[in-house]
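Enquirer:
2 protein chains.
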Amino acid sequence: MKFNENLANLVSYEAGKPIELVVREYGIDAKDVIKLASNENPYGTSPAVVKAVGEIVNKMHLYPDDSYFELKAALASKFGVSEKSIVIGSGSDQIIEFAVHAKANANKGILTAGITFAMYEIYAKAAGAKVFKTESKEHDLGEFLQIYKANKDEIGVIFLCVPNNPLGGCLDAEEIYKFLEQIDADTLVVIDGAYQEFAKFKDAKKEIKPKGLIAKFPNAIYLGTFSKAYGLGGMRVGYGIGEESVMNELGKLRAPFNITTLSLKAAIEALKDEEFVKMTLETNFKEMKKYEKFADLHDIKRLPSFTNFIVFEFERQNASEIAQNLLKKGIILRDLKGYGLNAIRITIGLPSQNDVVLKQIEENLK
Amino acid sequence: MKFNENLANLVSYEAGKPIELVVREYGIDAKDVIKLASNENPYGTSPAVVKAVGEIVNKMHLYPDDSYFELKAALASKFGVSEKSIVIGSGSDQIIEFAVHAKANANKGILTAGITFAMYEIYAKAAGAKVFKTESKEHDLGEFLQIYKANKDEIGVIFLCVPNNPLGGCLDAEEIYKFLEQIDADTLVVIDGAYQEFAKFKDAKKEIKPKGLIAKFPNAIYLGTFSKAYGLGGMRVGYGIGEESVMNELGKLRAPFNITTLSLKAAIEALKDEEFVKMTLETNFKEMKKYEKFADLHDIKRLPSFTNFIVFEFERQNASEIAQNLLKKGIILRDLKGYGLNAIRITIGLPSQNDVVLKQIEENLK
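As you go down the protein sequences, you meet chains A and B in turn. Going by the UniProt record's numbering, the first sequence opens with residue 1, and the numbers climb by one from there. Going by the UniProt record's numbering, the second sequence opens with residue 1, and the numbers climb by one from there.
See below:
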């Protein structure tokens, strides 16, 4: 059977290895596996959320309120925007997909950083859209602008990952606003804030305020997620915030019931426990220091991180080998070979997990 | 901002009204609302599933095993097909979307029944594909063939909804096989079996066996869901079964983690409790008799149903008015006005719910 051309060169996203796989392949007990590969919250989810969801597991047969009334009201209140400025996605990934399908096509491509979240490119290719990338790995807005100006007619969407996954760096809000001033009103700029909670906690200059952003730049949208700081990676809830007329168009692409009944409850309850998020952020950066110190001690190149992960770039050792050796011991890290880097990305885990991981990496440096 | 043309005339799916809305708008207590509008399982979910999911609510921070290893193994075993023949979707809706994006485009449209599941058309329009429909409301395969032969070059996907939502009728398996023999190997035929459990329970002639189907017709795929008979509407899990090379292409369009960690567990456990499904099916058709008897008594046109819902078509009364009157009393039914029918679709509920609904409809006939 012949399929649409776009599928020919489409390669799926390589997800972090699941605990179940390590159990199956290496016979390690699930409780002994340390998974620091997918930037999940090592503290789990707020106990209040766990309780609230536990109380409605007998409602799994019921579709969610597809208007997402309560969740949108809570987000609208949190960010000081209208409910109509918000679209809920199955993870913020899905809002990326909506943005691509709304603005990109065979004639209008996307522009991204050299190394950034892989789904921008995957969704673009699935839509038959061309992908422009900067030579620079991290976001170099000067280079973005250069490419944009030279190819304006062919670029429909610009993606800025702030902070940038899988590298960890983060643009200042001011830089982004200056950049936006030079972008045409008809080009959609997606500010992916999946890790914004971490970045703004570490450095206030990194904070993107959706309300101000969309008021000044109606061609920009902000993406947020419950997967990281809010500890709900497995529940797939994200959101996009943008000017109402823009979100109305993106919202047309949302299929009904795109999040589950339990996910909706979880997200609503998660917004009520900001203390849990604060604890997450505080411990994250405290523990990250262990990794920084370790890297400096062992002369490993580390990239500055405004997220809940850190990247170790190796010169003498082979990163894939290290990741593979640790995997056999039940430690799952993310090998960044697929991004063309001799590096591993490590989610900052629990203190006890971080100690084990660093000890095991040290073994591999000998 | 200018958006892709396909969005201009795109209208979202009108989901059944949620309980929360009736609570908000009419001040009725949630526990007093009878929702028979979305074909959810009135018996809820298997208690074993509720228990199993309840036990992992503390795992919401973890992404699911994106290979869906265990679920695919269980489905493969149930249907006697290979794991590679299966793609998991966020509801079978998402497999519809994959089928459209894989085969339809500006030059290749889709062909559906006159009145059928609305998402076929919505996904097609979002992809800029033309929609061919039969004049007949229910599936008339003669008319399908006529339209297909006259427009072969412009039709990439044929959707057969077996049984057909929102009407309830169901083609025989043999009719479908004969139809498939006349369809080109390059045209994808999607057999949407969301309500197959109900149909084959009522009449063995309706049963589509995915294994035999795809062995004989590699251009056909079968869709199933956990939303109806398995009582997991709110958890969004469906699947597509097809020839391996076809599913490999459709699978490329699946974003990672397209179902939640709790949904994955729920689906795996649901497959272990076929007794719950059997009870659902038995009580469904027993209760449906009440509706049939009522319709015959009051001279209401009823369509034969092989599903968990029944359609009442009115001649003298206004169906929308009846639906609206019942809504005010906390009874949510589906007005089919949007499909051009003076009819309401009623999910077969619990015995006590059905009695109340019929009594209220009777009030409106006076």
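Ideal placement from N, C-alpha and C gives every residue a C-beta, glycine not left out.
Any idea if residue 9 of chain B is buried or exposed, counting beta-carbon neighbours within 10 angstroms, 16 or more meaning buried?
Expert: Under this definition residue 9 of chain B is an exposed residue.
Enquirer: Could you round the C-beta distance between residue 91 of chain A and residue 227 of chain A to whole angstroms and report it? I think they count as a contact, below 8 Å.
Expert: Residue 91 of chain A to residue 227 of chain A, Cβ: 6 Å. Contact.
Enquirer: Taking three-plus beta-carbon pairs below 8 Å as touching, is the stretch 9-25 of chain B in contact with the stretch 254-264 of chain A?
Expert: Yes: at least three Cβ pairs fall under 8 Å.
Enquirer: How would you write the range of the beta strand (DSSP E) that residue 54 of chain A sits in, first residue to last?
Expert: Taken as a continuous stretch (DSSP letters only), residue 54 of chain A belongs to no beta strand (DSSP E), being part of the alpha helix (DSSP H) at 47-54.
Enquirer: Identify the contact partners of residue 190 of chain B in chain A, using a Cβ-Cβ distance below 9 Å as the criterion.
Expert: Simply none; closest approach about 13 Å.
Enquirer: Are the C-beta of residue 247 of chain A and some C-beta of chain B separated by less than 8 Å?
Expert: Taking Cβ atoms only, chain B never reaches closer than 8 Å to residue 247 of chain A, which makes this a no.
Enquirer: Could you name the residues that DSSP lists as bridge partners for residue 313 of chain B?
Expert: For residue 313 of chain B, which the question treats as bridged, DSSP gives the partners B/301, B/343.
Enquirer: Can you check whether the C-beta of residue 66 of chain A is within less than 8 Å of a C-beta belonging to chain B?
Expert: With 8 Å as the cut-off, residue 66 of chain A counts as an interface residue toward chain B.
Enquirer: Quick check: the stretch 80-100 of chain B against the stretch 234-246 of chain B, are at least 3 beta-carbon pairs closer than 8 Å?
Expert: Contact between the stretch 234-246 of chain B and the stretch 80-100 of chain B is present, because at least three Cβ pairs lie under 8 Å.
Enquirer: Return no unless some Cβ of chain B is closer than 8 Å to the Cβ of residue 160 of chain A.
Expert: For residue 160 of chain A, the answer is no, since every Cβ of chain B falls outside 8 Å of its Cβ.
Enquirer: Do residue 348 of chain A and residue 284 of chain A have their CB atoms nearer than 8 Å?
Expert: Yes.
Enquirer: Less than 8 Å between the C-beta atoms of residue 37 of chain A and residue 17 of chain A, yes or no?
Expert: Result yes, Cβ atoms of residue 37 of chain A and residue 17 of chain A sit closer than 8 Å.
Enquirer: Could you round the C-beta distance between residue 63 of chain B and residue 234 of chain A to whole angstroms and report it? I think they count as a contact, below 8 Å.
Expert: Contact flag correct, Cβ pair sits at about 5 Å.
Enquirer: If we cut at 8 Å on Cβ distances, does residue 166 of chain A have a partner in chain B?
Expert: Chain B, which has no Cβ nearer than 8 Å to the Cβ of residue 166 of chain A, makes this no.
Enquirer: Please list, in chain order, the chain A residues whose beta carbon lies closer than 8 Å to that of residue 13 of chain B.
Expert: Those are 255, 256, listed as they occur along chain A.
Enquirer: Locate the beta strand (DSSP E) running through residue 223 of chain A, then write down its first and last residues.
Expert: 220-225 is the extent of the beta strand (DSSP E) around residue 223 of chain A.
Enquirer: Report yes or no: do the stretch 291-301 of chain A and the stretch 310-323 of chain A share at least 3 C-beta pairs separated by less than 8 Å?
Expert: As far as the Cβ criterion goes, the stretch 291-301 of chain A touches the stretch 310-323 of chain A, which means the pair count is three or higher.
Enquirer: Cα separation between residue 340 of chain B and residue 180 of chain A?
Expert: Taking the straight line joining both Cα atoms gives about 47 Å.
Enquirer: Between the alpha carbons of residue 2 of chain B and residue 222 of chain A, how many angstroms are there, rounded?
Expert: Residue 2 of chain B and residue 222 of chain A: Cα-Cα distance of roughly 19 Å.
Enquirer: If you compare alpha carbons, which of A/342, A/345, A/334, A/323 is closest to residue 360 of chain A?
Expert: Measuring from the Cα of residue 360 of chain A, the nearest candidate turns out to be A/323.
Enquirer: What separation, rounded to the nearest whole angstrom, lies between the Cα atoms of residue 204 of chain A and residue 171 of chain A?
Expert: The alpha-carbon atoms of residue 204 of chain A and residue 171 of chain A are separated by roughly 12 Å.
Enquirer: Would you give the residue range spanned by the beta strand (DSSP E) that residue 187 of chain B belongs to?
Expert: Where residue 187 of chain B is concerned, there is no enclosing beta strand (DSSP E), given that its DSSP letter is neither H nor E.
Enquirer: Using a C-beta cutoff of 8 Å, does residue 316 of chain B count as contacting chain A?
Expert: By this cut-off, residue 316 of chain B is not an interface position.
Enquirer: Which residues of the stretch 120-140 of chain A have a Cβ closer than 7 Å to any Cβ of chain B? Give them in chain order.
Expert: Cβ contacts with chain B: 126.
Enquirer: Could you tell me the boundaries of the alpha helix (DSSP H) in which residue 95 of chain B lies?
Expert: Element bounds for residue 95 of chain B: 92-103.
Enquirer: Which residues, in chain order, does the stretch 218-251 of chain B contribute to contact with chain A at a C-beta distance below 7 Å?
Expert: Cβ contacts with chain A: 219, 231, 232, 233, 234, 235, 236, 246, 249.
Enquirer: Pull out every residue of the stretch 170-196 of chain A whose Cβ sits closer than 9 Å to any Cβ of chain B, in chain order.
Expert: Answer in chain order: 185, 186, 187, 188.
Enquirer: Determine the extent of the alpha helix (DSSP H) in which residue 69 of chain A is found, giving its start and end residues.
Expert: Where residue 69 of chain A is concerned, the enclosing alpha helix (DSSP H) stretches over 69-79.
Enquirer: Is residue 93 of chain A close to chain B? Criterion is C-beta to C-beta, closer than 8 Å.
Expert: Yes, contact with chain B.
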